[in-house]
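This report refers to the structure that appears directly beneath it.
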Amino acid sequence: MVVRRREFIFLVGTGAGAALLRSRVLGAQPSPIRPLVGVLSPLSITAAARNVAALLVVPGLVRVAALFNPDDPNDRVQRKRLLAAAPALGVTIQIFEVRDLSKLEDLAGEITRANVHGLVIGMSPFFLSSPSQITAMASRLKLPTVYFWREFADAGGLMSYGCNLPEMYRQSGRLVGKILKGEKPGDLAFELPSRYELIVNLKTAKSMGIHIAEVFHVLADELIE
192 MVVRRREFIF LVGTGAGAAL LRSRVLGAQP SPIRPLVGVL SPLSITAAAR
242 NVAALLVVPG LVRVAALFNP DDPNDRVQRK RLLAAAPALG VTIQIFEVRD
292 LSKLEDLAGE ITRANVHGLV IGMSPFFLSS PSQITAMASR LKLPTVYFWR
342 EFADAGGLMS YGCNLPEMYR QSGRLVGKIL KGEKPGDLAF ELPSRYELIV
392 NLKTAKSMGI HIAEVFHVLA DELIE
């Protein structure tokens, strides 16, 4: 039996990974030496949608705090896009750089003094290490907060909007299956996530005294009650 070795790079990712998709690296040759294939989520879509969602939840919102991990490339890209989109959205963005989640109490004080009306959490996995603590802080501050990962909504966050990771992994599995059946990786196109989901936590909204517009009841993929 002859086994032929195939070399290719398989990518599954969000945010900064999508920037790679637009680079020459991914668009170079029709048959590169190491073909690239995978599922990537473009950050520009998710970041814009999350901020529109925040605006709809709180009419008259004009100042938004955004927490980013400056050491994470995803957050650096998102920060740039968010600041660029702010004028069109009619909001002012106050950036808070977060490297140490053990100092959330100090951070809460800074956010309070900034007199903001809403909060956006970066998509860095760094924040996923403390979803309960972060959502608890947002609830204490009574700030409507939008997250990228649904784990935050499950932990008591007001809402999350982003790609569905389990579905991304299933898409990846289907691509791997095609390769194992003999298709050339270089012939397979990159795929965008097939499913984005809006999760709204009505229980949290009620405890924070925030009225969730009826449109969100209709648009939400899941309502946590």
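Per my numbering, the very first residue in the sequence shown carries number 192; after that it's consecutive.
Ideal Cβ placement from N, Cα and C applies to all residues, glycine included.
Predicted model, so just to flag it, every value in this text is computed and none were measured.
Where the alpha helix (DSSP H) containing residue i begins and where it ends
i: N265; result: 264-280
i: S323; result: 322-332
i: V409; result: 405-410
i: L393; result: 393-399
Cβ-Cβ separation, residue j to residue i (assumed contact under 8 Å), whole Å
i: R254; j: V282; result: 7 Å
i: L319; j: E301; result: With 8 Å as the limit, L319 and E301 do not qualify as a contact, their Cβ atoms being about 22 Å apart.
i: D266; j: S321; result: About 15 Å separates the two Cβ atoms, so there is no contact after all.
i: H308; j: L356; result: Between L356 and H308 the Cβ distance is about 30 Å, and since that is not below 8 Å, they are no contact.
Residues near residue i in its chain [Cβ-Cβ closer than 7 Å; skip 5 each side]
i: I286; result: A257, F259, R270
i: D344; result: With the sequence shown as reference, residue 344 is identified as Ala, and Asp is not the correct amino acid for it. Y338, M350, S351, I390, N392, I415.
i: L274; result: I284
i: W340; result: L319, S351, G353
i: K394; result: I415, E416
Residue i - containing beta strand (DSSP E), residue span
i: F259; result: 254-259
i: L414; result: 413-415
Pairwise C-alpha distance: residue j and residue i
i: L312; j: V337; result: The displayed chain sequence assigns Ile, not Leu, to residue 312. Roughly 7 Å separates the two Cα atoms.
i: P261; j: K372; result: 42 Å
i: Q362; j: L379; result: 13 Å
i: D412; j: L295; result: 30 Å
i: P278; j: P376; result: 42 Å
i: S398; j: F317; result: 27 Å
i: I284; j: P335; result: 14 Å
i: L298; j: V367; result: 43 Å
i: V406; j: A396; result: 15 Å
i: Q290; j: E374; result: The sequence as given places Arg at residue 290; Gln does not occur at that position. Each residue's Cα considered, the two are about 43 Å apart.
i: R365; j: E288; result: 38 Å
i: N417; j: I370; result: The shown model of the chain, from 192 to 416, leaves out residue 417, and the question about it has no answer.
i: R331; j: I403; result: 18 Å
Same chain, Cβ closer than 8 Å to residue i, neighbours up to 5 away in sequence not counted
i: A327; result: G347
Beta-carbon contacts of residue i that lie in its chain and below 6 Å, excluding the five residues immediately before and after
i: S323; result: A346
i: V248; result: P335
i: I401; result: P335
i: Y387; result: C354
i: L310; result: A256, A329, L334, T336
i: L292; result: S321
CB contact check: residue i to chain C, cutoff 8 Å
i: G364; result: The chain inventory of the structure shown lacks chain C, comprising one protein chain alone.
Alpha helix (DSSP H) runs wholly inside the stretch 288-371, at least 4 long, in chain order: Segments of the alpha helix (DSSP H) lying fully in the stretch 288-371: 295-305, 322-332, 341-345, 356-371.
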